[in-house]
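There are 2 protein chains.
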Amino acid sequence: MSKATAYDSLVERQHDIALIGSTQAVLGWDQETQMPAGAIATRSAQLGQLTRIAHSMQTDPALGELIERAASDTTNPDHSCNITYWQRDWERATRLPEDLAVALTEASSVAMAAWQQARESDSFEDFAPHLETLVTLKRREAEAMGWPADGEAWDGLSDAFDPGMTAASVSAVFAPLRSALVELRAAVADQPPVDTTCLNELPDARQNRAVQALMSRMGFDFDSGVMATSTHPFCTNLGHGDVRMTMRKDEESLLTALGSSMHECGHALYEQGLPADFAGQPRGAYNGLSVHESQSRLWENHVGRSQAFWQWYTDEISCEFGLSGLDAESLYRAVNRTEAGLIRVEADQATYDLHIMVRFELERALLNGDLAPQDLPDAWNAQYRDYLGITPDSNATGCLQDIHWSMGAMGYFPTYTLGNLYAAQFFDAAKRALPSLDADIGSGNFTPLLDWLRREIHSHGRLYDPGALCERVTGAPLSAEPMLAHLRRLHDVT
Amino acid sequence: MSKATAYDSLVERQHDIALIGSTQAVLGWDQETQMPAGAIATRSAQLGQLTRIAHSMQTDPALGELIERAASDTTNPDHSCNITYWQRDWERATRLPEDLAVALTEASSVAMAAWQQARESDSFEDFAPHLETLVTLKRREAEAMGWPADGEAWDGLSDAFDPGMTAASVSAVFAPLRSALVELRAAVADQPPVDTTCLNELPDARQNRAVQALMSRMGFDFDSGVMATSTHPFCTNLGHGDVRMTMRKDEESLLTALGSSMHECGHALYEQGLPADFAGQPRGAYNGLSVHESQSRLWENHVGRSQAFWQWYTDEISCEFGLSGLDAESLYRAVNRTEAGLIRVEADQATYDLHIMVRFELERALLNGDLAPQDLPDAWNAQYRDYLGITPDSNATGCLQDIHWSMGAMGYFPTYTLGNLYAAQFFDAAKRALPSLDADIGSGNFTPLLDWLRREIHSHGRLYDPGALCERVTGAPLSAEPMLAHLRRLHDVT
Chain V
-4 MSKATAYDSL VERQHDIALI GSTQAVLGWD QETQMPAGAI ATRSAQLGQL
46 TRIAHSMQTD PALGELIERA ASDTTNPDHS CNITYWQRDW ERATRLPEDL
96 AVALTEASSV AMAAWQQARE SDSFEDFAPH LETLVTLKRR EAEAMGWPAD
146 GEAWDGLSDA FDPGMTAASV SAVFAPLRSA LVELRAAVAD QPPVDTTCLN
196 ELPDARQNRA VQALMSRMGF DFDSGVMATS THPFCTNLGH GDVRMTMRKD
246 EESLLTALGS SMHECGHALY EQGLPADFAG QPRGAYNGLS VHESQSRLWE
296 NHVGRSQAFW QWYTDEISCE FGLSGLDAES LYRAVNRTEA GLIRVEADQA
346 TYDLHIMVRF ELERALLNGD LAPQDLPDAW NAQYRDYLGI TPDSNATGCL
396 QDIHWSMGAM GYFPTYTLGN LYAAQFFDAA KRALPSLDAD IGSGNFTPLL
446 DWLRREIHSH GRLYDPGALC ERVTGAPLSA EPMLAHLRRL HDVT
Chain H
-4 MSKATAYDSL VERQHDIALI GSTQAVLGWD QETQMPAGAI ATRSAQLGQL
46 TRIAHSMQTD PALGELIERA ASDTTNPDHS CNITYWQRDW ERATRLPEDL
96 AVALTEASSV AMAAWQQARE SDSFEDFAPH LETLVTLKRR EAEAMGWPAD
146 GEAWDGLSDA FDPGMTAASV SAVFAPLRSA LVELRAAVAD QPPVDTTCLN
196 ELPDARQNRA VQALMSRMGF DFDSGVMATS THPFCTNLGH GDVRMTMRKD
246 EESLLTALGS SMHECGHALY EQGLPADFAG QPRGAYNGLS VHESQSRLWE
296 NHVGRSQAFW QWYTDEISCE FGLSGLDAES LYRAVNRTEA GLIRVEADQA
346 TYDLHIMVRF ELERALLNGD LAPQDLPDAW NAQYRDYLGI TPDSNATGCL
396 QDIHWSMGAM GYFPTYTLGN LYAAQFFDAA KRALPSLDAD IGSGNFTPLL
446 DWLRREIHSH GRLYDPGALC ERVTGAPLSA EPMLAHLRRL HDVT
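If you read the protein sequences in the order shown, they are chains V and H.
Going by the numbering used here, the first sequence opens with residue -4, and the numbers climb by one from there.
Going by the numbering used here, the second sequence opens with residue -4, and the numbers climb by one from there.
The following block contains the structure:
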């Protein structure tokens, strides 16, 4: 068999593995958007079965041999990119015992449903045993993956979300960022409160229509995608030609729907912009969760909360909802008001990353065994007092607010903050490259920005690692300065 | 290994096979209700992969050995029931070449999407090549399955839907039934036309609410089920605790939504009433498609079109829609008016089975090679002239109206008519067993009827074959007389 044939066979096997993953994504989408509560045991068994099948495909010794043989042919950079990631997947899969892989899939499927109910009834004690099971399993997973000698359990998990990310590297970024954000909050604390009543009481059905129109305008292809609603908004790729997102609706304010939709649409545009020729391969996949988040944050915050956007969108919603007397500048101020709140997904740009820091510290402690799962509510509330100066009035608005841990996603939260930093730095580069960007946004023309993102970021898939991509696109390594400069401008703080 | 162990191992393997099937059902549900058009190639590949996996599980020689060993222990009737059907499945699976199984799954997934578009744009030529592929593949399937020496290709397919059903046995029932139905139509032809305007122009959103309320009242468990909308209404079991149905909405008439919903809910109540202890096993599965259809028809026609039902429901909808002056007797007459129409799913009870006869004759001819797929529209239209006295004005309202053939479901249509016959005969038995049935329905109390159906029919799964079940429940073999008597009563024909 020639080297080219080894690579081709490898592509075929990896395609089969990716296809199982895409079927699991359909099951996950259905579970979040339509599945009745009584189906949870069946759904968990379905997901567990597919995990078992995929795991046996992923750990087939013949696959390992193919990867080795294909790796010796590194002249094609697209192939190299794929082989590098497949090699990494192979190592992770062979390190993960099959029973643990199945247990993790089944436990998180059950825990997600339990979390949803526990959040609705504000009963942490109903979720606690599931959290305990998950922490035990995730700790076992981290041990199977291993971590650097000077590292900790968290590092054994975080690598899967953003290669190379460790608790130490995150802490190094978070410590100074925290000081700067606390300083910023102090500086804006005395500014007068912003009136946001103009955005309230817009009816449900018309929110849907307004949001769909905006998503189309942003460039979302509804022939290859779907938008629905769910408790916790998300975006998922169900395979080539099928990108789905959900929005979270709040009948009292258009802002919740708008912010969550532009955010998820940013994710969706990234997925729809990945190179179709490499669909289902690393070369055609998103470049880690931080870069993924940069795309959602760029649209949500740098487009959707800009003065230019509101100059255009104020007329749009005035017309859509038959409102008169709306003022673009007031709306721009309203959508950018900053106030420490309890809910991460509703947090403004100046406080959001403090929410992330709470979660990062707590999941480290859970995994290290420094925090017992049943003590999570107290620890959570103490951190909110320390970092944000407020105390949750319930677990539903406290430690039960996020779906992530119930999904087994631990070692994940910091990618949100890294995504915020990338977003600011990418958007600065876009402004330099597109002198008319502000005017384009101000007339509801998002095509030049989307074209730039597709060319500079989406089309590359995983060809460059996130750090290298950042230098290539922006001319500099990742830094917190662009985001801090953006926040200071936004709040008139020098 | 003891005999008991062989049976237990068999149960475990069959559970895994059924679980793959339930995952395919989720993919199918999503395809019909949410999937964007651009995802069809991916979806087809996902379904094909699972068919391949299931087929290799179904044809594993070790499974065949387990069945043989378990079959020698026939003391437990529940086990016997399972083993009989698993034996049959095993034979079908080992006769079906894997490449043909995969080709059928993939071709029907693509053809379903093509059918949907062809129907929308009324372009038979866009569907014709898919139909040709399917007929070729189904003919190959029939050949692989084999048929009786005095039979034909159709018999090789129909057995999968209703064991033992052949073209000859169906023809024997259909010929006299056709004469009786034609006679009935002649007898009612001179009756004055019925005014149905009272049911028109009810808005979309409120239809949904009214229908959901009725489904709850009928006994549908929304904690273990979902209702959505689709072009062609259907019901599907996605695994234990997850029964889903769709309704077809027509904004101009509540009748379309009501009829299709009561029909699908009849199917859904059957699925929800199957014995949970045997979920995923033949002992806990529906008893062939004719009995399944009997449950939908019983609710749709014998409950939903009865005088008693309209005595109750007239007040319900008057209240729901704020209407006054509705008259129960007029509504009862309106929902039972008979007129030959083009659309099977909108046909009344007196003409419905003539639609089935057209399809039965044409699919026999397609499979025997007596009719070329591209000649289907002409043949279809000729049959409609012969049987129903009308000619379709387009293929969208002619041979493109049904999803079945695009799904590869050939040898299936007669189960609708057999279902109608079972429904009438079962309902007569229910009336004998429940003297207050009419009064119960007349007060919107469906619990006694549902309890009777659960006890007499649902709880048995496949323990008795359909003919034996019919004798057990009604005291007589299946006959067309109860349905003909019902239709004659309905239309005051002696």
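Just so it is clear, CB atoms sit at the ideal spot from N, CA and C, and this is done for glycine as well.
All figures in this text were calculated on a predicted structure; none of them were measured in a lab.
So, with DSSP's three-state summary, where would you put residue 402 of chain H?
Residue mapping note: residue 402 of chain H aligns to position 407 of the second sequence, counting from 1. Helix.
Run down chain V in chain order and give the residues with a C-beta less than 7 Å from the C-beta of residue 12 of chain H.
Translated into positions along the second sequence, residue 12 of chain H becomes position 17. Within chain V, no residue comes near residue 12 of chain H; the closest Cβ sits about 10 Å away, beyond 7 Å.
According to DSSP, which residues form a beta bridge with residue 230 of chain V?
Counting from one through the first sequence, the residue named residue 230 of chain V turns up at place 235. V:240, per the DSSP bridge assignment.
Measuring CB to CB, does residue 359 of chain H end up less than 8 Å from residue 149 of chain H?
Along the second sequence, one-based indexing puts residue 359 of chain H at 364. Along the second sequence, one-based indexing puts residue 149 of chain H at 154. Yes, these two residues count as a Cβ contact at 8 Å.
For residue 399 of chain H and residue 393 of chain H, what's the separation of their Cα atoms in angstroms?
By 1-based counting over the second sequence, the position of residue 399 of chain H is 404. By 1-based counting over the second sequence, the position of residue 393 of chain H is 398. The alpha-carbon atoms of residue 399 of chain H and residue 393 of chain H are separated by roughly 14 Å.
Could you say which of V:274, V:120, V:327 lies nearest to residue 369 of chain V if we only look at CA atoms?
On the first sequence, residue 369 of chain V is found 374 positions in, with the first residue counted as 1. Answer by Cα proximity: V:120.
Residue 273 of chain V at chain H interface by Cβ criterion, 8 Å:
Here residue 273 of chain V is taken as the residue at index 278 of the first sequence, counted from 1. Cβ-Cβ to chain H under 8 Å: no for residue 273 of chain V.
Buried versus exposed, by CB contacts within 10 Å (16 or more), residue 426 of chain H:
The count along the second sequence starts at 1 and reaches residue 426 of chain H at position 431. Exposed is the call here.
Quick test of your reading: residue 473 of chain H and residue 417 of chain H, contact by CB under 8 Å. State the CB separation rounded to the nearest angstrom.
In the second sequence, the residue the question calls residue 473 of chain H occupies position 478. In the second sequence, the residue the question calls residue 417 of chain H occupies position 422. Confirmed, Cβ separation roughly 6 Å.
What's the gap between the Cα of residue 278 of chain H and the Cα of residue 109 of chain V?
Your numbering for residue 278 of chain H matches position 283 in the second sequence. Your numbering for residue 109 of chain V matches position 114 in the first sequence. If you take the alpha carbons of residue 278 of chain H and residue 109 of chain V, they lie about 31 Å apart.
Counting contacts by CB-CB distance shorter than 8 Å, is residue 219 of chain H in contact with chain V?
Here residue 219 of chain H corresponds to residue number 224 of the second sequence, with the count starting at 1. Residue 219 of chain H counts as touching chain V.
Please say whether residue 164 of chain H and residue 406 of chain H have beta carbons closer to each other than 8 Å?
For the purposes of this step, residue 406 of chain H is taken as residue 411 along the second sequence, with counting starting at 1. For the purposes of this step, residue 164 of chain H is taken as residue 169 along the second sequence, with counting starting at 1. Not closer than 8 Å, so no.
Using CA coordinates, which residue listed in V:27, V:50, V:3, V:465 is at the minimum distance from residue 287 of chain V?
In the first sequence, residue 287 of chain V corresponds to position 292, counting from 1. Nearest C-alpha to residue 287 of chain V: V:465.
For residue 309 of chain H, the three-state DSSP class (helix, strand or coil):
As a first step, residue 309 of chain H must be located in the second sequence, where it is residue number 314. Helix at residue 309 of chain H.
Residue 31 of chain H at chain V interface by Cβ criterion, 8 Å:
For the purposes of this step, residue 31 of chain H is identified with residue 36 of the second sequence, where counting begins at 1. Cβ-Cβ to chain V under 8 Å: yes for residue 31 of chain H.
Positions along the stretch 88 to 99 of chain H whose CB lies within less than 7 Å of some CB in chain V:
none
Measuring only the C-alpha atoms, how far is residue 339 of chain H from residue 346 of chain H?
Walking along the second sequence from the start, residue 339 of chain H turns up at place 344. Walking along the second sequence from the start, residue 346 of chain H turns up at place 351. Distance between the alpha carbons of residue 339 of chain H and residue 346 of chain H is about 9 Å.
Any chain V beta carbon closer than 8 Å to residue 224 of chain H
Looking up residue 224 of chain H in the second sequence gives position 229. Judged by the 8 Å Cβ criterion, residue 224 of chain H is not in contact with chain V.
Could you tell me the alpha carbon to alpha carbon distance between residue 196 of chain V and residue 249 of chain V, rounded to whole angstroms?
Taking the first residue of the first sequence as position 1, residue 196 of chain V is located at position 201. Taking the first residue of the first sequence as position 1, residue 249 of chain V is located at position 254. Note that residue 196 of chain V scores a pLDDT of 46, beneath 50, so its modelled location is shaky and nothing firm can be said.
Would residue -4 of chain V pass as an interface residue toward chain H - the criterion being a Cβ-Cβ separation below 8 Å?
As a first step, residue -4 of chain V must be located in the first sequence, where it is residue number 1. Residue placement at residue -4 of chain V is flagged as unreliable, the pLDDT there being 45, under the threshold of 50; the coordinate-derived value follows with that caveat. With 8 Å as the cut-off, residue -4 of chain V does not count as an interface residue toward chain H.
Among H:27, H:220, H:44, the one whose alpha carbon lies nearest that of residue 18 of chain V:
Here residue 18 of chain V corresponds to residue number 23 of the first sequence, with the count starting at 1. Closest option to residue 18 of chain V, Cα to Cα, is H:44.
Residues that residue 523 of chain V contacts on chain H, provided the C-beta gap is smaller than 8 Å
Because chain V here runs from -4 to 489, residue 523 of chain V falls outside it and cannot be looked at.
Can you tell which of V:260, V:401, V:395 has its C-alpha closest to the C-alpha of residue 99 of chain V?
Locating residue 99 of chain V in the first sequence gives position 104, where the first residue counts as 1. Cα-wise, what sits closest to residue 99 of chain V is V:401.
C-beta neighbour in chain H for residue 21 of chain V, strict 8 Å:
Reading the first sequence from its first residue, position 26 is the one you call residue 21 of chain V. Chain H, which has a Cβ nearer than 8 Å to the Cβ of residue 21 of chain V, makes this yes.
Give me the Cβ distance between residue 306 of chain V and residue 323 of chain V, rounded to the nearest whole Å; I'm assuming they're in contact under 8 Å.
If you number the first sequence from 1, residue 306 of chain V lands on position 311. If you number the first sequence from 1, residue 323 of chain V lands on position 328. Going by Cβ atoms, the distance from residue 306 of chain V to residue 323 of chain V rounds to 5 Å, so yes, they are a contact pair.
Which chain V residues sit within Cβ distance under 9 Å of residue 111 of chain H?
Translated into positions along the second sequence, residue 111 of chain H becomes position 116. In chain order: nothing, as chain V lies at least about 14 Å away.
For the stretch 43 to 69 of chain V, which residues have a CB atom closer than 8 Å to at least one CB atom of chain H, in sequence order?
Look at the stretch 43 to 69 of chain V: the residues with a C-beta under 8 Å from a C-beta of chain H are 44, 45, 48.
Endpoints, the beta strand (DSSP E) within which residue 220 of chain V is located
As a position in the first sequence, residue 220 of chain V is number 225, starting the count at 1. Unbroken beta strand (DSSP E) run through residue 220 of chain V: 220 to 224.
On the CB-based measure, 16 or more other CB atoms within 10 Å of its CB, does residue 480 of chain V come out buried or exposed?
Counted from its first residue, the first sequence places residue 480 of chain V at position 485. Under this definition residue 480 of chain V is an exposed residue.
Enumerate in chain order the residues of its own chain whose CB-to-CB distance from residue 93 of chain V is below 6 Å, with the five nearest sequence positions on each side excluded.
For the purposes of this step, residue 93 of chain V is taken as residue 98 along the first sequence, with counting starting at 1. Within the same chain, residue 93 of chain V has close Cβ partners 50.
Partner residues on chain H for residue 268 of chain V, Cβ-Cβ distance less than 9 Å:
Here residue 268 of chain V refers to the residue found at position 273 of the first sequence. Those within 9 Å of residue 268 of chain V in chain H number zero; the least Cβ separation is about 14 Å.
Return helix, strand or coil for residue 16 of chain V, following the three-state DSSP convention.
Locating residue 16 of chain V in the first sequence gives position 21, where the first residue counts as 1. DSSP places residue 16 of chain V within a helical segment (H, G or I) once states are collapsed to three.
Spatially closest choice to residue 5 of chain H from H:262, H:64, H:308, by CA coordinates
Stepping through the second sequence from its first residue, residue 5 of chain H is reached at position 10. Considering only alpha carbons, the answer is H:64.
If you follow the alpha helix (DSSP H) that residue 301 of chain H is part of, which residue opens it and which one closes it?
On the second sequence, residue 301 of chain H is found 306 positions in, with the first residue counted as 1. Per DSSP, residue 301 of chain H belongs to no alpha helix (DSSP H) and is neither H nor E.
Check each residue of the stretch 231 to 260 of chain H: if its Cβ is closer than 9 Å to any Cβ of chain V, include it; give the result in chain order.
For the stretch 231 to 260 of chain H, the beta-carbon criterion of a distance under 9 Å to any beta-carbon of chain V is satisfied by 233, 234, 235, 236, 237, 238, 239.
Sorted by chain position, which residues of the same chain lie with C-beta nearer than 6 Å to residue 258 of chain V's C-beta, five sequence neighbours on each side aside?
Translated into positions along the first sequence, residue 258 of chain V becomes position 263. For residue 258 of chain V, where only same-chain residues beyond five positions count, the Cβ hits under 6 Å are 291, 295.
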